[in-house]
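Here's the structure, in structure tokens; my notes come after.
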Amino acid sequence: MKNQIRQIFHSPKFTVGFIIFAALLVLTVFYPLIVTNDPLEMVGQGNFFKPGTYISVSEAVNTNPYTLNLNASSSRLEQNLSMEERMAMADWLNQFAGISSKEMDVTDAGGLVSLWKDHYDSASEQKGLIAARKKYFSRLDKKITGLLEDTDVLLAEKNQETGEVSVKKTIPSTSYVNVKDVGSRRVFILGTDNFGRDVLTELVAAIKTSLKIGFIAGLIATTIGLSLGLIAGYLGGIIDDFILFITNLFTVIPSFILLILISYSIGKNARGVMMVAIIIGLTSWTWTTRSVRSQVISLRNRDHVNLSKLSGHSLFRIILTDILPYIASYVVMALILQISSGILAEAQLSMIGLGPATTTVSTLGLMMNWAMSYSAHLNGDWWAYFPVIISIALISFSLNLMNTGLDQIFNPQLRE
Amino acid sequence: MSEEKKPVQNSSCLSGTGVTKIFGMGKEKTVAVDHVDFQFREGEIVSIVGESGSGKTTLSKMLLGLISVTEGEICFQGKPRDIKGYRKKKEYWKGIQAIFQDPFSSFNVFYKIDQVLLDCIKMRGGARLPYEKKVEMMTEACRFVNLKFEELTNKYPFELSGGQMQRLMIARIFLLKPAILLADEPTSMIDACSRATILDMLLKLRDETNMTIIFITHDIGLAFYISDSIYIMEHGKFVESGTAEAVILNPKAAYTKRLINDVPKIHEEWDLSTV
Amino acid sequence: MGKTMLEVDHLKTKYITRFGENVFAVDGVSLKIEEGKSLGIAGESGCGKSTLALSLMGYYFAPLHYQSGTIKVDGVDITGMKPDEIRKKVLGNEIAYIPQAAMNALNPTQKIISFIEDVIGAHDPSASKKEIYDLARERFEILGLPESVLKKHAVELSGGMRQRTVIAISTILSPKVLIADEPSSALDVTSQKMVIKMLRNLMEIGFIKSMIFITHELPLLYNVTDEIMVMYAGQIVEHATAKEMVFDPLHPYSKGLMGSILVPEKGARDAKLTAIPGTPPNLKNPPKGCRFADRCRYAKPACMLHPIAESRLEDGRMYRCYLEEKELREVYQDE
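See the structure below:
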């Protein structure tokens, strides 16, 4: 046994899969210990805030500023001039100021703007430009002028009684605050979702729930599949025919359709996480049954089984000690695949809106469903769905990798 | 093995009339064993000789009660055999045991070899014996087959060689002391040098406990060497039976003649012109 | 004295295990076969006889590797050749090989004639289909195989017929050496006899010039080959004529092996079978001295110390034992 485990970890495939899977597990265990926020707390007022650090503006204003002599305007220009605008500027300069495109660099906003300031004149006759376009350039010029200005911002205070507004504070353009000095701040590493919830925290919770669903579904499917396969394979005869008949029946009907029908008929109210896991488990045991059965059939005529019979061992004991250990590695592999397919089945079900009908937990499938119904994929809010896709892919990739690794070890034909 | 060593021929131990086994139904029906009659006596070594596909393994499984008999009757120690139900089967298996062809697949590789021997003690009703007594019995059994229990205890079957495993199987029989031992090609998977050891041990077992040994083999030379009587099997039927000398040295059936003729020999000319 | 067809000198080949250990399964084997002669190699499972068969072809693929020694086929050393060269120039027309499971190696979707076309086509691309068919038909007729077999698929033939067909295909280029590794062990006795008869036929007609026959069945070997070598733990322990080997073995191991022969013959019931206790040594770490010493009942302390060299008698008989021929005969006499 010890030897076998050592051998398993000699397989690079299994080891890589195991490390990925273990990392995900560790993440789901330790992340909630560090970030204790409710994963489904609706923090943001609005949809899909970008990933980043959010600090309170009013607190920032009231925080003691530091004076830094930085050329603020150039970074402002870099930040605020879109690539589209820069291209338009370059076009104009090329067309009306006769500057060749080689001399310009749209990635260097400062250089471009200085050229612009030197040559642009809204009064000039810009031949071939429609009025709207002319206005666009004039607006752009104003914007640039505004960006270049380093004027102070005045903070005014309104007297409650007189209604008089008086200057409370002047914030010069060289004032900076340290983000750490601002008490009210929140980091959304993966932004927020449609309900304004922190995607990362939600995702970790979702991975945990999905793994739970996968494990429960996999365990149920493997238990049913294993028991039926053992009984059918070992006993044979009419019992075998009967079990095979039921198995075939379930195989003929695509299990996903069955899954949809059952999920739908159970109704929204009863469809919790547990229920979905059980439904998935109950519809995916067939191939385990078939393969366990065929393994058992080849085992039951082996001499050690015959010898065990001759030693007067009971049926139960023969199955437990002479059959089960021989197919144990195989069953573990089947379990791994069932877990993986259980997670995928949940994702599929939830995507079409038949997953757990709940707002109290998140699952990978539900996150996809939410992102989809709020058109995150159309608006470019990648952080709402892309990390979920990656997580699903990683889970099923790691599980399948582990399975292949095990297969190579236990199946001598695949050994190199 | 000379004539005087032969034990006194006494009562019938296992006999059968019209024993038949049919697999499948309708068009796919195959008759594996076709109405065979036999009578094995106590203390006798009987060989059932046949080539692959002759039905000898099916017959041996029927004799062991591992598969059902389609037709015909088997008598065990003079009485019709009744093995319906687990309890009766267990009782029957105290009287008949087997050694199989492939020692490597005869052991459950997940259990230490002590377990095999302990099971035998338990089957003989020694489950409640103190552990020291059990060890003593196992040591004795191992000594019988020239193995040292101290070296084997706590080992797994795959740590043993084929010959050692097959000897351990005989140690198992020694502990169980059944009335009948069915040996299904016990030497075909092990080396020639170990074969003599195994055969010697089987003979010793017979001499000490007056066990009936049914030898299933395709090796006619081996059957001739070891058995008192020989049954030749072809296509599920016994084509010839009798004492070893009579069957081998003076074969009557055409099949037996061909079989003996086709086996390479060393003292007589091997006639290649007959094929 | 005929022409020497195959001459092997101190051939040493090894398996490299998954853990990088070297297992010398063929450890310094020398042999020589003349035209028209057949040589048998006997030994227990794991003694290296099948590895020897593979090694003799000079065609090595992992985990089997060449270590040292020479193989000369009809005077040409093939040990330095590249695998591709060996496959094109040596296999088939110089050396042919028939493994035990040869009959199951035929692709079930091809007809027998197409295998023959492949074999001949690989060495003589100019041959037309008609020529090949005529050649094959003639060859099959001589060997007593029905012409109809040529148009059949392998699955339509019985085991014995399939094996004989494979032999006919393998030898169609009239190789100088045929290496047959347990060619009849999976067959029933009648088919076995037919295979043997066919091999003898091939030798008599000259379709094969010499043969190496490997089996663990000693009575068969005695009836097929002129000379027998007994192999133990990667080495040849004795080499003698078939008759001498079976009735008058010299090496204690050969003696034990010959003592285990069982045949359905008069008097065979009274023979006493000899048993050799113990198991062969592990070739990963073979003993320094005589490899058989720890199982040998005549072993002396000196046997364990040094590797045992081959000793030769006047008539060319070889054995590998510390004891002299006279001493050996004396100890056997005493029993």
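Chains as they are written, first to last, in the numbering used here: chain A, 2 to 417; chain B, 1291 to 1565; chain C, 177 to 511.
In this text, a Cβ means the ideal position worked out from N, Cα and C, and glycines have one as well.
Practice task
Have a look at the DSSP bridge pairing and note the partners of valine 1339 of chain B.
Solution key: Start at 1 with the first residue of the second sequence, and residue 1339 of chain B comes out as number 49. DSSP, once it has assigned bridges, lists B:Thr1507 and B:Ile1522 as partnering valine 1339 of chain B.
Practice task
Taking only beta-carbon positions, decide if serine 1292 of chain B is within less than 8 Å of chain C.
Solution key: Residue numbering aside, residue 1292 of chain B sits at position 2 when the second sequence is read from its first letter. Summary for serine 1292 of chain B: the model assigns pLDDT 43, below 50, so the residue's position carries little reliability; its value from the coordinates is reported in the next sentence. Yes - at least one Cβ of chain C is within 8 Å of the one on serine 1292 of chain B.
Exercise for the section: Answer yes or no: the CB of tyrosine 375 of chain A versus the heavy atoms of the ligand ZN, is any distance below 7 Å? Expected result: With respect to small molecules bound, the structure shown includes none, and the ligand ZN cannot be examined in it.
Handout entry: Closest Cα partner of phenylalanine 291 of chain C within the set C:Arg467, C:Ile209 and C:Ala344
Key = The sequence position of residue 291 of chain C within the third sequence is 115, counting from 1. Considering only alpha carbons, the answer is C:Ala344.
Practice task
Tell me whether the beta-carbon of valine 1399 of chain B lies closer than 8 Å to the beta-carbon of proline 1476 of chain B.
Solution key: The residue labelled residue 1399 of chain B in the question sits at position 109 within the second sequence. The residue labelled residue 1476 of chain B in the question sits at position 186 within the second sequence. Result no, Cβ atoms of valine 1399 of chain B and proline 1476 of chain B do not sit closer than 8 Å.
Problem - is_contact[aspartate 1327 of chain B, chain C] using C-beta, thresh 8 Å - result: In the second sequence, the residue the question calls residue 1327 of chain B occupies position 37. No, its Cβ sits nowhere closer than 8 Å to a Cβ of chain C.
Exercise for the section: With 8 Å as the threshold, decide whether the Cβ of histidine 1525 of chain B is near any Cβ in chain C. Expected result: Locating residue 1525 of chain B in the second sequence gives position 235, where the first residue counts as 1. For histidine 1525 of chain B, the answer is no, since every Cβ of chain C falls outside 8 Å of its Cβ.
Problem - Environment of glutamate 126 of chain A [buried if 16+ CB atoms lie within 10 Å] - result: Here residue 126 of chain A corresponds to residue number 125 of the first sequence, with the count starting at 1. It counts as exposed.
Problem - Other residues of its chain near methionine 1491 of chain B: CB distance less than 6 Å, five sequence neighbours each side excluded - result: Numbered from 1 along the second sequence, position 201 holds the residue referred to as residue 1491 of chain B. Result list for methionine 1491 of chain B: Val1435 and Ile1460, in chain order.
Practice task
Output yes if chain B places a C-beta closer than 8 Å to the C-beta of leucine 215 of chain C; else output no.
Solution key: Translated into the one-based positions of the third sequence, residue 215 of chain C becomes position 39. Chain B contact via Cβ: absent.
Exercise for the section: Specify, as a first and last residue, the run of the alpha helix (DSSP H) that glutamine 1387 of chain B falls within. Expected result: Translated into positions along the second sequence, residue 1387 of chain B becomes position 97. No alpha helix (DSSP H) contains glutamine 1387 of chain B, which is instead part of the beta strand (DSSP E) from 1386–1389.
Exercise for the section: Using a Cβ cut-off of 8 Å (strictly closer), state whether asparagine 412 of chain A contacts chain B. Expected result: Position 411 of the first sequence, counted from the start, is the residue given in the question as residue 412 of chain A. Not an interface residue.
Problem - Local Cβ density within 10 Å of isoleucine 1550 of chain B, reported as buried at 16 or more and exposed below that - result: What you label residue 1550 of chain B is simply residue 260 of the second sequence in a count that begins at 1. Classification for isoleucine 1550 of chain B: buried.
Handout entry: Option in A:Ile340, A:Ile390 and A:Glu42 with minimal Cα separation from isoleucine 281 of chain A
Key = By one-based count along the first sequence, residue 281 of chain A stands at place 280. For isoleucine 281 of chain A, the nearest C-alpha among the options comes from A:Ile340.
Practice task
Check whether the segment 398–413 of chain A touches the segment 233–247 of chain A, taking contact to mean three or more Cβ pairs, one atom from each stretch, closer than 8 Å.
Solution key: no
Problem - Stretch pair the segment 288–306 of chain C + the segment 316–331 of chain C: three plus CB contacts closer than 8 Å - result: yes
Problem - Minimum length 3: unbroken beta strand (DSSP E) runs contained in the segment 401–453 of chain C - result: 403–408 and 411–417
Practice task
Mark proline 1377 of chain B as exposed unless 16 or more other C-beta atoms lie within 10 angstroms of its C-beta, in which case mark it buried.
Solution key: For the purposes of this step, residue 1377 of chain B is identified with residue 87 of the second sequence, where counting begins at 1. For clarity, residue 1377 of chain B is arginine in the given sequence; the question names proline instead. Result: exposed.
Exercise for the section: Could you tell me whether the segment 320–333 of chain A touches the segment 188–198 of chain A, using the rule of 3 or more Cβ pairs below 8 Å? Expected result: no
Problem - Counted within 10 angstroms of its Cβ, other Cβ atoms place leucine 489 of chain C as buried (16 or more) or exposed - result: By one-based count along the third sequence, residue 489 of chain C stands at place 313. Leucine 489 of chain C comes out exposed.
Problem - Straight-line gap, isoleucine 6 of chain A to leucine 354 of chain C (C-alpha atoms, nearest Å) - result: Mapped onto the first sequence, residue 6 of chain A falls at position 5. Mapped onto the third sequence, residue 354 of chain C falls at position 178. Roughly 46 Å separates the two Cα atoms.
Practice task
Could you confirm whether any beta carbon from chain B is found closer than 8 Å to the beta carbon of arginine 303 of chain A?
Solution key: Here the question's residue 303 of chain A lines up with position 302 in the first sequence. Answer yes: the Cβ-Cβ gap between arginine 303 of chain A and chain B drops below 8 Å somewhere.
Practice task
Report the neighbours of threonine 1443 of chain B on chain C: residues whose CB is nearer than 7 Å to its CB, in chain order.
Solution key: The sequence position of residue 1443 of chain B within the second sequence is 153, counting from 1. Those do not exist, as threonine 1443 of chain B stays about 19 Å from chain C at its closest Cβ, beyond 7 Å.
Exercise for the section: Can you have a look at proline 425 of chain C and say buried or exposed, based on whether 16 or more other CB atoms are within 10 angstroms of its CB? Expected result: As a working mapping, residue 425 of chain C is identified with position 249 in the third sequence. Classification for proline 425 of chain C: buried.
Practice task
Determine the DSSP secondary structure at leucine 459 of chain C, reduced to helix, strand or coil.
Solution key: Position 283 of the third sequence holds residue 459 of chain C. Coil.
Problem - Pairwise C-alpha distance: serine 1305 of chain B and valine 1359 of chain B - result: Along the second sequence, read from residue 1 onward, the residue named residue 1359 of chain B stands at position 69. Along the second sequence, read from residue 1 onward, the residue named residue 1305 of chain B stands at position 15. Roughly 14 Å separates the two Cα atoms.
Exercise for the section: Give a yes or no on whether the minimum CB-CB distance between lysine 3 of chain A and chain B is below 8 Å. Expected result: The residue given as residue 3 of chain A occupies position 2 in the first sequence. With 8 Å as the cut-off, lysine 3 of chain A does not count as an interface residue toward chain B.
Problem - Near-chain B residues of the segment 34–49 of chain A (beta-carbon distance less than 7 Å), N- to C-terminal order - result: none
Problem - C-beta atoms of alanine 1486 of chain B and alanine 451 of chain C nearer than 8 Å - result: As a working note, residue 1486 of chain B is residue 196 in the second sequence. As a working note, residue 451 of chain C is residue 275 in the third sequence. It is a contact, given that the beta carbons lie within the stated cut-off.
Exercise for the section: On a CA-only basis, which of C:Asn461, C:Pro456 and C:Cys466 is nearest glutamate 220 of chain C? Give me that one, please. Expected result: The residue labelled residue 220 of chain C in the question sits at position 44 within the third sequence. Closest option to glutamate 220 of chain C, Cα to Cα, is C:Pro456.
Problem - Closer than 8 Å to chain B by CB, asparagine 326 of chain A - result: Residue mapping note: residue 326 of chain A aligns to position 325 of the first sequence, counting from 1. Going by the sequence as given, residue 326 of chain A is proline instead of asparagine. So yes, proline 326 of chain A belongs to the interface.
Practice task
Verify whether the separation of the beta carbon atoms of glutamine 1456 of chain B and isoleucine 1411 of chain B is less than 8 Å.
Solution key: The sequence position of residue 1456 of chain B within the second sequence is 166, counting from 1. The sequence position of residue 1411 of chain B within the second sequence is 121, counting from 1. It is not a contact, given that the beta carbons lie outside the stated cut-off.
Practice task
Look at the alpha carbon of serine 228 of chain A and the alpha carbon of glycine 237 of chain A, and state the distance between them as a whole number of angstroms.
Solution key: Residue numbering aside, residue 228 of chain A sits at position 227 when the first sequence is read from its first letter. Residue numbering aside, residue 237 of chain A sits at position 236 when the first sequence is read from its first letter. One C-alpha to the other measures close to 14 Å.
Problem - Residue-level contact to chain C via CB, tyrosine 1515 of chain B, 8 Å cutoff - result: What you label residue 1515 of chain B is simply residue 225 of the second sequence in a count that begins at 1. Yes, its Cβ sits closer than 8 Å to a Cβ of chain C.
Handout entry: Selected residue, minimal CA-CA separation from glycine 1532 of chain B, among B:Leu1407, B:Asp1327, B:Val1323 and B:Glu1318
Key = The residue given as residue 1532 of chain B occupies position 242 in the second sequence. With distances taken between Cα atoms, glycine 1532 of chain B lies closest to B:Asp1327.
Problem - Rounded straight-line distance, which links the Cα of histidine 120 of chain A to that of aspartate 106 of chain A - result: Indexing the first sequence from 1 puts residue 106 of chain A at position 105. Indexing the first sequence from 1 puts residue 120 of chain A at position 119. C-alpha separation (whole angstroms): 16 Å.
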